[in-house]
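Below is one structure, written out as structure tokens, with a few remarks after it.
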Amino acid sequence: MTILVAGGGIAGLTFALTCHEVGLDVQVFEAATDIKSLGVGINLQPNAVRELYQLGLADDLKQIGIEAEEWALFFYGAHPVWTEARGTQAGYNWPQFSVHRGQFHLRLLAAVQHRLGKACVETDARFCRYENHADGVTAYFENSNGETFSRDGDLLVGADGIHSGVRRQMHPEQGPVNWSGAVMWRGVSRYAPPRNKNSFVFVGGIAQRFICYPVEPLDANGETQLNWIAELHPEDSGSVDQSDWNRPASADAFIGQFAEWDFGWLNVPDIVSKAEGIWEFPMVDRDPVKHWIDGRVGLIGDAAHAMFPHGSGGASQAIVDARVLGAAILDKASVPQALLGFQEKLLKPVNDVVLRNRSQGPVGVLLDIEARIAKGQSVGDAINQQEIASFMSRYKQAAGTARDTLNSAAPTIAAASSVPD
Ligand SMILES: Cc1cc2nc3c(=O)[nH]c(=O)nc-3n(C[C@H](O)[C@H](O)[C@H](O)COP(=O)(O)OP(=O)(O)OC[C@H]3O[C@@H](n4cnc5c(N)ncnc54)[C@H](O)[C@@H]3O)c2cc1C
């Protein structure tokens with residue numbers, strides 16, 4: 205069986221490693237001419253780390269990232285709303301890792317090139333269109349000189365991100381990306397982590413917030429690479445459909461509104477002043493679609509379900525998708541059946557997470573708190589720990605990160621599984 209993958213991001217490369225694990229031929233086509241270390245911090249939840257460990261990437265994660273220990277939510281700085289342990293500290297069998305996206309991406313690439321050979325990932329190959337046939341699929345690509353070429357395969361996987369060309373052909377009716385109204389300014393600063401822990405810290409409310417977490421172990425000075433996001437709702441975000449993860453920005457665009465955000469234990473203006481670079485990204489997602497498959501073509505990762513990042517789950521879900529699709533190919537007798545099996549397992553629950561994240565995901569607890577304050581309650585009275593615990597538990601169940609369910613689940617792909625010759 206020959207598998208073609210459009211997009212060499214986190215989903216596409218994880219899928220290539222999965223194909224290799226189970227003995228499938230795979231070729232990845234990536235639009236970029238060169239795969240570089242791009243982006244800033246991301247979190248890999250235990251459901252994704254479980255899969256990465258099974259792919260033999262535990263040492264890579266330990267070398268480039270840190271185990272997140274705590275998730276801490278503060279209402280505009282002063283008022284603790286909720287803190288909870290994360291990863292193994294919370295009793296999961298696997299850690300939650302905070303990593304630099306670019307470094308993680310390069311580790312995946314190195315693993316693919318080492319295990320499958322350098323030729324497995326063809327760069328400067330932008331997916332253009334596909335044609336389904338009775339017993340195969342043809343994918344057409346274009347390079348930066350405008351030259352086109354095609355490849356035949358048994359399956360085409362669209363892992364080409366939020367602006368997926370595969371999805372565009374599958375869903376020509378889809379509208380532009382959906383803008384939440386928020387813009388995220390993202391950066392990394394050399395800084396001592398707040399709360400003196402590997403904490404994911406959220407400060408603020410619905411309209412304005414600052415989030416930060418370390419993505420590297422502490423150095424001898426007690427400092428780390430502190431990933432941060434400053435988020436506001438400006439009236440105009442520019443052209444959101446051109447949303448580009450690499451758009452550079454200046455602190456002038458937002459820092460005025462954070463000028464007073466020095467809470468003693470967390471000094472936002474100081475952290476931002478030490479940024480090594482700042483990038484701007486409008487918070488966008490895509491409307492859920494009714495199917496991710498068309499004949500011998502399937503979507504995974506952001507191409508299938510780009511979501512707002514409130515649950516820090518986009519990259520994790522992309523990894524889980526890749527593994528579930530691999531398992532479906534092992535299980536089913538034909539490619540169309542495997543795609544159906546994959547879709548039956550994930551489409552509904554993941555579309556549900558996309559919609560939950562439109563209501564702020566786990567941070568949605570703030571909606572109730574702010575509504576109560578607006579009706580005259582004090583901040584302290586508006587925060588109900590029991591309600592928050594139950595809200596968080598429901599979100600984790602929906603996002604596939606509930607501890608006991610995950611700890612007791614059978615591996616997505618049993619060790620030493622392979623497709624029959
Ligand atoms: C440059 C970049 C920086 C990012 N930075 C962050 C960040 O800092 N924080 C964060 O939370 N998320 C970031 N993301 C998004 C995050 O990586 C994804 O949400 C998540 O990992 C899901 O992975 P994915 O593989 O589905 O999509 P992506 O990681 O977006 O990968 C998609 C891949 O497909 C390639 N591609 C696109 N169109 C085509 C085409 N027509 N043909 C072939 N290849 C194509 C892209 O170049 C990319 O390599 C970034 C994404 C990119 C591409």
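Using this note's numbering, read the sequence shown as starting at 205 and increasing by one per residue. Think of the CB as a built atom: it goes at the ideal place given N, C-alpha and C, for glycine as much as any other residue.
Could you tell me if the beta carbon of residue i falls within a distance shorter than 7 Å of some heavy atom in ligand 1?
i                 : result
isoleucine 183    : What is shown of the chain runs 205 to 625, which leaves residue 183 out entirely.
glutamine 506     : Contrary to the premise, residue 506 reads as aspartate rather than glutamine in this sequence. Under cutoff, so the answer is yes.
valine 419        : no
arginine 399      : no
tryptophan 389    : no
asparagine 450    : yes
valine 381        : no
alanine 276       : no
phenylalanine 233 : yes
phenylalanine 331 : yes
glycine 668       : Here the chain comprises residues numbered 205 to 625, so residue 668 is not present and cannot be evaluated.
alanine 215       : yes
leucine 242       : yes
proline 486       : no
arginine 311      : no
alanine 522       : yes
proline 513       : yes
isoleucine 587    : no
glycine 530       : no
isoleucine 246    : yes
glycine 518       : yes
Starting from residue i and walking both ways along the beta strand (DSSP E), at which residues does that stretch end?
i              : result
arginine 333   : 330 to 337
valine 229     : It should be pointed out that residue 229 corresponds to aspartate in this sequence rather than to valine. Aspartate 229 -> beta strand (DSSP E) spans 229 to 233.
methionine 567 : First, the residue type needs correcting, since residue 567 is valine and not methionine in the sequence shown. No beta strand (DSSP E) contains valine 567, which DSSP labels as neither H nor E.
glutamine 601  : No beta strand (DSSP E) contains glutamine 601, which is instead part of the alpha helix (DSSP H) from 589 to 603.
glycine 408    : 403 to 408
glutamate 274  : 274 to 279
alanine 507    : Looking at the DSSP string, alanine 507 is not in any beta strand (DSSP E); the run it does join, the alpha helix (DSSP H), is 506 to 509.
alanine 453    : From DSSP, alanine 453 is part of no beta strand (DSSP E); its letter is neither H nor E.
glutamate 288  : 283 to 289
At what residues does the alpha helix (DSSP H) containing residue i begin and finish?
i                 : result
threonine 626     : As shown, the chain starts at 205 and ends at 625. That puts residue 626 outside it, with no answer to give.
proline 540       : 539 to 562
glycine 584       : 583 to 586
asparagine 251    : 250 to 258
histidine 495     : Careful: histidine 495 lies outside any alpha helix (DSSP H) and carries neither H nor E.
proline 473       : 472 to 477
leucine 529       : 518 to 535
phenylalanine 308 : 305 to 320
Identify the residues that DSSP records as bridge partners of residue i: which are they?
i             : result
glycine 357   : Val341
aspartate 489 : Asn382
arginine 390  : Ile433 and Trp483
Counting only beta-carbon separations shorter than 8 Å, does residue i have a partner in chain B?
i           : result
leucine 610 : The question asks about chain B, but that chain is absent: this structure has only one protein chain.
- Query: Can you find at least 3 beta carbon pairs, one from the region 527 to 541 and one from the region 483 to 492, that sit closer than 8 Å?
  - Reply: no
- May I ask you to verify whether the region 493 to 504 touches the region 545 to 563, counting CB pairs closer than 8 Å and requiring at least 3? The region 493 to 504, when compared against the region 545 to 563, does touch it at the 8 Å Cβ threshold.
- Item | contact_flag[the region 239 to 252, the region 330 to 350] where n(CB pairs < 8 Å) is 3 or more | no
- Task: Tell me, please, whether the region 206 to 219 touches the region 309 to 316 by the rule of three or more beta-carbon pairs shorter than 8 Å.
- Result: yes
- Taking 8 Å as the threshold, find out whether the region 371 to 384 comes into contact with the region 403 to 413 through three or more Cβ pairs. no
- Item | Inter-stretch contact at 8 Å, needing at least 3 Cβ pairs: the region 617 to 625 / the region 264 to 273 | no
- Message: With a threshold of 8 Å, are at least 3 pairs of Cβ atoms found where one atom belongs to the region 498 to 514 and the other to the region 352 to 366?
- Response: yes
- Item | Validate contact between the region 502 to 517 and the region 228 to 242 using beta carbons, cut 8 Å, 3 pairs | no
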